[in-house]
Amino acid sequence: MKKRITFFAAFFCVAFSFQSFAGDIYAITVYHFTDASQETALDTYLQTAYLPALHRKAIKNVGVFKPIANDTVADKIIYVIVPYKSFDEFVNLPARLMTDNLYKTAAASYLNADYKNPPYKRMETIMLTAFPMAQQLTLPNLKSPKAEHIYELRSYESPTENYHKSKVKMFNQGGEVTIFKNINANAIFYGDVITGSRMPNLMYLTSYENMADRDAHWESFRDNAEWKKLTTLEEYKNNVSKADIILMHAASYSDY
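Encoded structure:
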């Protein structure tokens, strides 16, 4: 009983923090799958049922991405990134979907999949709040064909909560967000992870015309004088214990 009370207390604390937050809230759904049939099932569901339903509910700018590494790994992934204006909008979405007959019809094969033939292996959801210096999702301004675009999702884990706060401060007050803006890295979002399996951590998504453009931008970032100065400050030392870098292409039906 005590564990249950503790869980609900923690849940309402998180819910309250979301309610009082002024910027976007991001939900990153991570679908793990193993083969082409599951990928087809997920693509069909997302393209014909899920994204159209979100659009009907005025939830736009939904990103769907596939890691380039999917071609060579056993645990294949699709990332779905949805921006919400409030915690209530996120919590109430499943119930709203179940009142949408167009959604239920289009999603029937996904929703009613047999246990012997599920559309994915596992799924998880990561919740984030937008950084103070970048409170809304920003669509990229890219000119090359969509199939050439490179999207780079990064996750920075910290050894403790205090070191995590240091890294978040480094992005905001420290000026790391501004550096990305100045080099035109086409950042789409920066978020502080509130719920997820890799905490404490932050995540952010940048975008590029192609792989060569991505490499050139990162060289520019590393050579930036403000970045070099930032890395010498004692208050920001040792604030990242693990960095994951995921290079991705957008699905053809992704909103960007």
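Numbers -22 to -1, 1 to 234, taken from mature numbering (1 follows the signal peptide of the UniProt record, and there is no 0), label the letters of the sequence shown in order. Don't be surprised by glycine CBs; every beta carbon is placed ideally from N, CA and C.
query, result
"Between the CA atoms of TRP205 and LYS215 - distance to the nearest angstrom", "13 Å"
"DSSP-derived helix/strand/coil call for MET226", "strand"
"For ALA(-1) and PRO30, the rounded distance between their alpha carbons", "26 Å"
"Cutoff 6 Å; reference THR26; Cβ partners in own chain excluding five residues on either side", "ALA84"
"Cα-Cα separation between PRO178 and ASP49, rounded to whole angstroms", "30 Å"
"Proximity to TYR62 [Cα-Cα], best of SER185, GLN113, LEU208 and ASN202", "GLN113"
"Under the three-state DSSP convention, the category ILE170 falls into", "The residue you asked about is not Ile; residue 170 is Asp in the sequence shown. Looking at ASP170 - three-state DSSP - the assignment turns out to be strand."
"HIS195 versus LYS147: straight-line alpha-carbon distance, rounded", "23 Å"
"Cut-off 6 Å between Cβ atoms - residues of its own chain near LEU131, not counting five sequence neighbours on either side", "LEU183 and ILE224"
"Run of the beta strand (DSSP E) containing ASN179, from where it starts to where it stops", "179 to 186"
"TYR81 and TYR9 closer than 7 Å at C-beta", "no"
"Validate contact between the region 119 to 126 and the region 151 to 159 using beta carbons, cut 8 Å, 3 pairs", "no"
"Distance, LYS145 Cα to THR162 Cα", "First, the amino acid is wrong: residue 162 is Asn here, not Thr. Roughly 21 Å between the two C-alpha positions."
"Proximity of PHE109 and ASN160 at Cβ, strictly below 7 Å", "no"
"Within 7 Å, strictly: CB atoms of PHE199 and LEU115", "no"
"Beta-carbon proximity check, LYS220 vs GLU135, cutoff 7 Å", "yes"
"Distance CB(ASP233)-CB(VAL40) smaller than 7 Å", "yes"
"Run of the beta strand (DSSP E) containing MET101, from where it starts to where it stops", "100 to 108"
"Between the CA atoms of ALA91 and ASN164 - distance to the nearest angstrom", "38 Å"
"Start and end residues, beta strand (DSSP E) containing ILE132", "Checking the sequence shown, residue 132 turns out to be Arg, not Ile. 128 to 135 is the extent of the beta strand (DSSP E) around ARG132."
"Status (buried if at least 16 other CB within 10 Å, exposed otherwise) for HIS142", "buried"
"Alpha helix (DSSP H) runs contained entirely in the region 26 to 89, provided each spans 4 or more residues", "29 to 34, 65 to 75, 79 to 84 and 86 to 89"
"Integer-rounded CB distance, given that HIS227 should sit under 8 Å from ILE46", "6 Å"
"7 Å Cβ shell around ARG192 - same chain, five flanking residues per side excluded", "ILE128, GLU130 and TYR186"
"Boundaries of the alpha helix (DSSP H) in which THR22 is found, first to last residue", "14 to 23"
"TYR141, DSSP secondary structure in three states", "helix"
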